[in-house]
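Structure first, then comments.
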Amino acid sequence: MDMAAKHIGFVLAAYGVAGVVITGLIIGEWLRARAVRRRLAELERLGAPRRARTAAPASETGKEQTA
Amino acid sequence: MFNYLANPTRFLKIQAAVQPWLAAITAIVMAYGLYLALFVAPPDYQQGETVRIMFIHVPASSLALGVYVFMAFAHAIGFIFRHPLADAAAKSAAPIGAALTFISLATGALWGKPMWGAWWVWDARLTSMFVLFLLYLGYIAVWQAVDEPHRAARIAGVVALVGVINVPIIKFSVEWWNTLHQPASLLRKGGPAVDPSILTPLLWNMAGFALLTATLILLAMRAEVLSRRVRQMEMAQVGRAG
Numbered sequence: 057m058d059m060a061a062k063h064i065g066f067v068l069a070a071y072g073v074a075g076v077v078i079t080g081l082i083i084g085e086w087l088r089a090r091a092v093r094r095r096l097a098e099l100e101r102l103g104a105p106r107r108a109r110t111a112a113p114a115s116e117t118g119k120e121q122t123a
Numbered sequence: 104m105f106n107y108l109a110n111p112t113r114f115l116k117i118q119a120a121v122q123p124w125l126a127a128i129t130a131i132v133m134a135y136g137l138y139l140a141l142f143v144a145p146p147d148y149q150q151g152e153t154v155r156i157m158f159i160h161v162p163a164s165s166l167a168l169g170v171y172v173f174m175a176f177a178h179a180i181g182f183i184f185r186h187p188l189a190d191a192a193a194k195s196a197a198p199i200g201a202a203l204t205f206i207s208l209a210t211g212a213l214w215g216k217p218m219w220g221a222w223w224v225w226d227a228r229l230t231s232m233f234v235l236f237l238l239y240l241g242y243i244a245v246w247q248a249v250d251e252p253h254r255a256a257r258i259a260g261v262v263a264l265v266g267v268i269n270v271p272i273i274k275f276s277v278e279w280w281n282t283l284h285q286p287a288s289l290l291r292k293g294g295p296a297v298d299p300s301i302l303t304p305l306l307w308n309m310a311g312f313a314l315l316t317a318t319l320i321l322l323a324m325r326a327e328v329l330s331r332r333v334r335q336m337e338m339a340q341v342g343r344a345g
């Protein structure tokens, strides 16, 4: 890549934008996963039951399985 | 296959086993694609160095469409088979699709300014791509606005399935209307109209972006499945206390 070429600033800006967005996505997903893992561990430590007494909707609980 | 993966616990097990390998392959393919794009591909005889923007713009654009189709497909599976992971998959994919659409629009503008003399024109391809971005934001907003996940999944599913009409409009906009955006140069009759010196790095980058998208969706799905488990445990905790 010729760094002295015409319009090189546009090329660098494009790669910069993509890099920032992708890095943001990766960090965002990692932080979210970490927060959920910590909350789950906390609830397990408190002895929270895995299931409510009344059944929640299948899509929420993941209990339903097609045959 | 769908039935086999219908169990969230089984999904978490498979995801945990696959994720490190997928992430490693993604990093290798993306690094090689970036090397080809920045250091191996020659400047274009007309576009000069700005052709390198295409190595990000084209994969991001293709996958922005692909992720939306994936979401619509997942919701269709959810509606038809009541697959418990289908709407979680769609919900997890949405921010990634929105980010890819944003990259497509931003890099398109950064290519358009030096090549067309304008950051933006309201031609059919650019406008329909902008509509896709709005659809992603609307879809994400539905999940944020509706508290009850089952109801949110239904409304979001309708948004995804109705919005998928926009995908062929984006794809064929350059053929149906007279646009400033160039016509298709990869998926066209007679094969790709791109020289191999540019096509090879482009395909590597498309593979890298596709792997990255799959890795991120799986990671987001894991967090989503676990957050549903957290919600369920919190509700059970409240029920027990009450």
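Residue numbers (the numbering used here), protein chains in the order written: chain A, 57 to 123; chain B, 104 to 345. Quick reminder that beta carbons are idealized off the backbone N, C-alpha and C, glycines included. Please read these numbers as outputs of a predicted model, since none were measured by experiment.
- Ranked by Cα distance from A/A74, the options B/S207, B/A130, B/P145 and B/Y107 are led by B/S207.
- Taking a 10 Å sphere around the C-beta of B/A244, we find fewer than 16 other C-beta atoms and assign the residue as exposed.
- Annotation for B/N269: the continuous alpha helix (DSSP H) segment containing it runs N269 to W279.
- Going by DSSP, B/H253 is part of the alpha helix (DSSP H) stretching over P252 to G266.
- Where B/A177 is concerned, the enclosing alpha helix (DSSP H) starts and stops at M157 to F184.
- At a cut-off of 9 Å between beta-carbon atoms, B/M232 makes no contact with chain A.
- The criterion of a C-beta distance shorter than 9 Å is satisfied by B/A256 and B/H178.
- Contact annotation: B/M157 and B/L315 have beta-carbon atoms that are not nearer than 9 Å.
- Contact between the stretch 228-237 of chain B and the stretch 287-305 of chain B is absent, with fewer than three C-beta pairs closer than 8 Å.
- The stretch 117-130 of chain B makes no contact with the stretch 260-273 of chain B, as fewer than three CB pairs between them are under 8 Å.
- For B/P304, the closest Cβ of chain A is not nearer than 9 Å.
- Counting every other CB atom within 10 Å of its CB across the protein chains shown gives A/F66 a total of 16 or more, marking it as buried.
- In the DSSP assignment, B/M338 falls within the unbroken alpha helix (DSSP H) covering P299 to A344.
- If the five residues before and after B/L283 are omitted, its C-beta is found closer than 7 Å to the C-beta atoms of W219, V224 and D226, all from its own chain and listed in chain order.
- Taking 8 Å as the Cβ-Cβ cut-off, the stretch 141-153 of chain B approaches chain A at L141, F142, P146, G151, E152 and T153, given in chain order.
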